[in-house]
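These notes concern the structure reproduced below.
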């Protein structure tokens with residue numbers, strides 16, 4: 094779920110997890126065909142825009158990729174007046190590691206002129222849909238299990254990938270279909286909610302991480318300070334195929350804060 098979000102957070106870099114269907118996955122190892130997304134990890138939002146522009150679009154090999162317009166203009170200033178940014182109110186109100194930095198980010202966006210709008214994710218059983226990834230991973234690695242080569246993997250504890258691949262063979266097809274029907278409801282309901290805003294922000298790790306992986310919405314994760322000497326991050330989530338506006342707003346915030354140019358104190 095966090096193959097772009099997690100390393101970007103830990104390294105203080107900026108990552109773009111694009112809309113599902115934006116970038117070809119041809120040549121990459123499959124884990125979940127309906128959830129896998131490739132995207133850039135760079136030093137800044139603007140670098141993400143440059144790389145994304147170069148690699149997005151159909152290649153004739155990954156048929157899940159569609160041709161969609163991408164228009165990004167580097168923000169000339171730091172004014173976000175007229176931009177409506179949703180924020181997942183209940184997520185920001187809970188206690189978590191990066192809470193202090195995230196609160197400062199909310200204040201900063203308000204100071205830049207953005208209108209913050211309280212927003213909540215659709216009320217759906219997200220954890221009950223999570224096994225879609227496990228089912229597809231089991232299919233992707235079926236030959237590894239059937240040949241017993243999964244026994245060669247070092248980690249064999251209950252939550253390790255070999256046991257995920259094995260247990261996937263016992264997921265009922267009916268349950269997989271029902272979970273994907275719920276995903277359709279999620280996409281529809283989240284799209285309706287996003288009509289009220291230009292984008293929304295959320296803590297980097299929380300329900301939004303799973304929800305948007307299931308829905309396919311694009312996210313930019315960027316540094317917003319340090320916590321106990323380690324980089325912290327926040328996530329900007331955009332509309333489907335709305336990477337242009339998403340990157341533009343995220344870049345304005347990044348230019349106004351400069352966290353991507355700061356480094357933790359090195360203690361030797």
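In the working numbering, the protein residues as written are 94 to 361. Positions of the beta carbon are idealized from the N, C-alpha and C atoms, including for glycine.
Which of helix, strand or coil DSSP assigns to residue i
i	result
residue 297	coil
residue 255	helix
residue 94	coil
residue 136	coil
residue 176	coil
residue 169	coil
residue 46	Nothing about residue 46 can be read from this structure; the chain reaches only from 94 to 361.
residue 143	helix
residue 337	helix
residue 210	strand
residue 159	coil
residue 315	strand
residue 151	coil
residue 329	strand
residue 320	strand
residue 242	helix
residue 270	helix
residue 112	coil
residue 305	helix
residue 107	strand
residue 292	strand
residue 124	coil
residue 199	helix
Classification of residue i by the beta-carbon crowding that lies within 10 angstroms, buried from 16 upward
i	result
residue 268	exposed
residue 353	buried
residue 278	exposed
residue 311	buried
residue 287	buried
residue 194	buried
residue 301	buried
residue 97	buried
residue 221	exposed
residue 204	exposed
residue 351	exposed
residue 247	exposed
residue 270	exposed
residue 249	exposed
residue 123	exposed
residue 263	exposed
residue 154	exposed
Distance between beta carbons of residue j and residue i, contact taken as under 8 Å
i	j	result
residue 151	residue 158	5 Å
residue 336	residue 179	Not quite, the Cβ-Cβ distance comes to about 17 Å (not below 8 Å), so this is no contact.
residue 103	residue 324	7 Å
residue 331	residue 357	Going by Cβ atoms, the distance from residue 331 to residue 357 rounds to 29 Å, so no, they are not a contact pair.
Beta-carbon gap between residue i and residue j smaller than 8 Å
i	j	result
residue 282	residue 168	no
residue 138	residue 166	no
residue 121	residue 131	yes
residue 113	residue 309	yes
residue 210	residue 177	yes
residue 223	residue 303	yes
residue 362	residue 297	Given that the chain is displayed from residue 94 to residue 361, the structure contains no residue 362 and the question cannot be resolved.
residue 100	residue 134	yes
residue 174	residue 206	yes
Any C-beta of chain D under 8 Å from that of residue i
i	result
residue 239	No chain D appears in the structure shown, which is made up of a single protein chain.
Closer than 8 Å is the cut-off here; do at least three beta carbon pairs connect the stretch 236-253 with the stretch 204-224? no
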